[in-house]
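In what follows, a single structure is set out as structure tokens and then discussed.
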Amino acid sequence: MNSTAADPAFILVARDGVDYSATLIDAHGAERDEHVDAESWTAWVAEHERFTPRWVFNDVALWYPALLAAGVRITRAHDLRLCHAILRDSALVVDGESLRRAVAWNVAAGVEPSQQPAQALFELGNDGPRQVPGGGAEIRAEFDRQRAILDAADGRLRLLTVAESTGALIAAEMRSAGLPWDVASHEQMLAETLGERPVGGGIPSIMLQRADEVRALLGDLTVSLESQPKLLRALHRAGVLVESTSKWELEDQQHPVIQPLLEYKKLSRLYSANAWAWLAEWVKDDRFRPIYVPGGVVTGRWASSGGGALQIPRALRTAVRAAPGWRLIVADVAQLEPRVLAAMSGDVAMADAARGQDLYSGLVDRGIVATRQEAKIAVLGAMYGSTTGEAGRLVPRLRRAFPLAMAMVDQAAQAGEDGGVVTTLLGRSSPSVSAEWTTVQRAATDADADAGSEQRARRSARDRGRFTRNFIVQGTAAEWALAWLAGIRQGLAELGRTQGVAATASGATFAEVPHLAFFLHDEVILHVPEDLAEASAQVVRDAAARAATLLFGAFPLDFPLDLKIAADAGK
DNA sequence: CGCTGTAGCGCG
DNA sequence: AAAGCGCGCTACAGCG
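Numbering (the UniProt record's numbering) for the first sequence: 1 to 571.
Written out as structure tokens, the structure is:
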């Protein structure tokens, strides 16, 4: 213990050849540098984690997996790459010029070095480097730029940068722990649905039979069902006059081939997306480990890269199964986005309709629409900018019932159509217009503009309006979800501590303690020891309440959860 | 042969 | 119902 310097509040880390360097900064700004040998690195981090500093990484995704693999968990971080992207564009930043000049930080998501193809470093497109700066001086300079901006900025941005960085930690932790997956049950379902898989691979039996049946009904025993042009021609020859092979068009047709064909398409999809090949690649040691990409969507939502974490068919959720003696907590927020819209716009009427119940039923109860289905169409239409069909007919009723909420999304749409930028509650701003977009708009205002260019301009303006309309809602919902996630993480850590099973620097790995195992926009799955299940469920509920308070203060609206404690994640 | 673009469908 | 937001993945087509 160093008795002359205060505990470090920030620790900036960088590679120094094969070794590491660290700058420790205390709360008064006093600082010192340390050199750390490669072999003592993880122990050094573990030793310094007891101060719970905010670890400053150029990119959490590049640093944290190796620490987790060594059993080292950290509590707080600042991800320079992710925060750069937010602060550079945020309308809440008074002067972001210093960040915009630091173009080297304008990079896409990092990839674990172990996963990175060797050439990736050299495949530099025109849009800049693919690798975030890693030198100590560069990291220090970027940290100083960001800290200066955050010190001068609205507190909401500090909240957002902390939430975003915590999300980066959670993404790595979830990949490290994995989602418990019952391979036997998955394979049994595949065998029942697709048929037995031929030894050595190949198309399974039921799928083959169904394909033969379809080809017979089409009167073409050799046509490839996987090729859209060939299938379309075969359908035409059989008298099914569709314009595409999509299921929503086929569903309308009356022909004996339709039912088997739709069934075949379903099987084919399951086979290629989530069958044996997927299992072999993504499920190891009974854990599904997708790659999450925090901040991967412009709105701030997470994306994924590999594993298709965001597209696991609901039918497959039964294969998510707790380990013996463990339970899953499966929770999702009911109608997160409309609730977020009600709260961020301060629309008390909309909050009244939603509070304590199903929001859609609340609309029916108030006579705004006739059925729950209509309510859903109207609300989604309002947030997505629908203008035609049933949604177009229903949205005006919402405009009368909830003028504040509708004014907020309508103004966001208008700003987008005008080429402006919109901003979420915590300060994530939409991208500014592209050069092409501006060119299209300019072309329409030329004196000699033809009808075609005016139409193109109007359409691209409306497209952008729908994007910015949705951006503020989807983006603020993503912020709520980050706050929820971070609250769950913190609650679980406290729970672990009081139960004496904390994953600390002592080396317990993540999967040995109650942990977050899955996250998808508005739902989470936790994997917890059975005796902590009830307490963990309460952590999830409490975190939802705290997220609401953190973002919306005392605004009178709750975010009810559908939550179950179960052995599997199926319905 | 590898690359890019698109259709289609899975998720919220 | 495929019009109205945001994604990723697979397979095929079409290109050089």
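For glycine and all other residues, C-beta sits at the position ideal for the given N, C-alpha and C.
Keep in mind it's a predicted model, so treat the numbers as computed, not measured.
- What are the boundary residues of the alpha helix (DSSP H) that includes Ile25? Here Ile25 belongs to no alpha helix (DSSP H); instead the beta strand (DSSP E) covers 19–26.
- Query: Count the other CB atoms within 10 Å of the CB of Ala137; is the residue buried (16 or more) or exposed (fewer)?
  - Reply: exposed
- Message: Starting from Lys564, trace the beta strand (DSSP E) in both directions and tell me its first and last residue.
- Response: 561–566
- Message: Taking 8 Å as the threshold (C-beta atoms), are Asp358 and Glu523 in contact?
- Response: no
- Message: What would DSSP say about Pro117, mapped onto helix, strand or coil?
- Response: Model confidence at Pro117 stands at a pLDDT of 40, short of 50, so the residue's coordinates are unreliable; what they give is reported in the following sentence. If DSSP states are grouped into helix, strand and coil, Pro117 belongs with coil.
- Message: Short of 7 Å in beta carbon distance, which residues of its chain neighbour Gly17, apart from the five on each side in sequence? Order them along the chain.
- Response: none
- Classify Phe57 as helix, strand or coil using the three-state DSSP reduction. strand
- Message: Suppose the cutoff is 7 Å on Cβ atoms and the five residues either side in sequence are ignored; what does the same chain contact list for Tyr384 look like?
- Response: Arg466, Asn470
- Task: Compute the distance between the beta-carbons of Arg81 and Asp59, then report whether it is under 8 Å.
- Result: yes
- Counting only the same chain and skipping the five closest in sequence on each side, list residues whose C-beta sits under 6 Å from that of Thr222. none
- Task: Look at the alpha carbon of Val36 and the alpha carbon of Asp144, and state the distance between them as a whole number of angstroms.
- Result: When rounded, the distance between both Cα atoms is 23 Å.
- For Glu243, the nearest candidate out of Gly475, Leu232, Ser432 (CA to CA): When only C-alpha atoms are compared, the closest one is Leu232.
- Hey, how far is the Cα of Ala30 from the Cα of Pro8? 9 Å
- Message: Can you give me the C-alpha to C-alpha distance between Arg269 and Leu194, rounded to a whole angstrom?
- Response: 11 Å
- Message: Between the alpha carbons of Val341 and Arg399, how many angstroms are there, rounded?
- Response: Correcting the residue type first, residue 341 is Leu in the shown sequence and not Val. For Leu341 and Arg399, the distance between alpha carbons rounds to 13 Å.
- Check whether Tyr271 and Ala171 have beta carbons under 8 Å apart: no
- Through-space distance from Ser40 to Trp55, alpha-carbon basis: 17 Å
- Selected residue, minimal CA-CA separation from Ser90, among Ala486, Val528, Lys571, Gly475: Gly475
- On the three-pair Cβ rule with 8 Å, is the region 526–542 touching the region 484–494? yes
- Tell me, please, which residues DSSP counts as bridged to Leu359. Per DSSP, none; premise fails for Leu359.
- Task: Put Ala9 into one of helix, strand or coil per three-state DSSP.
- Result: strand
- DSSP state of Lys284, grouped into three classes? Annotated three-state conformation of Lys284 is strand, per DSSP.
- Item | Buried or exposed (CB count within 10 angstroms, at least 16 for buried), Ser165 | buried
- Item | Local Cβ density within 10 Å of Thr438, reported as buried at 16 or more and exposed below that | So Thr438 counts as exposed.
- Just reading off the beta strand (DSSP E) that Leu526 is part of, what are its end residues? 523–529
- According to DSSP, what are the bridge partners of Tyr292? Ser304
- Would you mind reading off the limits of the beta strand (DSSP E) that contains Asp151? Premise fails: Asp151 lies in the alpha helix (DSSP H), 136–152, not in any beta strand (DSSP E).
- Item | Rounded C-alpha distance that separates Ala46 from Phe57 | 15 Å
- Query: Which same chain residues, not among the five before or five after Ala567, have their C-beta less than 8 Å away from its C-beta?
  - Reply: Listed in chain order, the non-local C-beta contacts of Ala567 below 8 Å within the same chain comprise Arg321, Ala322, Arg327, Leu328, local neighbours out to five positions each way being set aside.
- Query: Relative to the C-alpha of Val513, which residue among Phe519, Gly496, Ile525, Leu520 is closest?
  - Reply: Gly496
- Bridge partners of Leu328, per DSSP? Looking at the DSSP output, Leu328 shares a beta bridge with His527, Ala566.
- Query: Of the choices Gly296, Lys284, Ile312, whose alpha-carbon is the least far from that of Ala273?
  - Reply: Ile312
- Beta-carbon proximity of Ala109 to Ala61, cut-off 8 Å: yes
- Task: Could you check what DSSP says for Arg15 in three-state terms: helix, strand or coil?
- Result: The answer is strand: DSSP assigns Arg15 an E or B state.
- Item | Cβ-based neighbour list, Arg175, same chain, cut-off 6 Å, excluding 5 preceding and 5 following | So the qualifying residues of the chain are Arg289.
- Rounded separation between Ala405 and Gln228 - CA only: 43 Å
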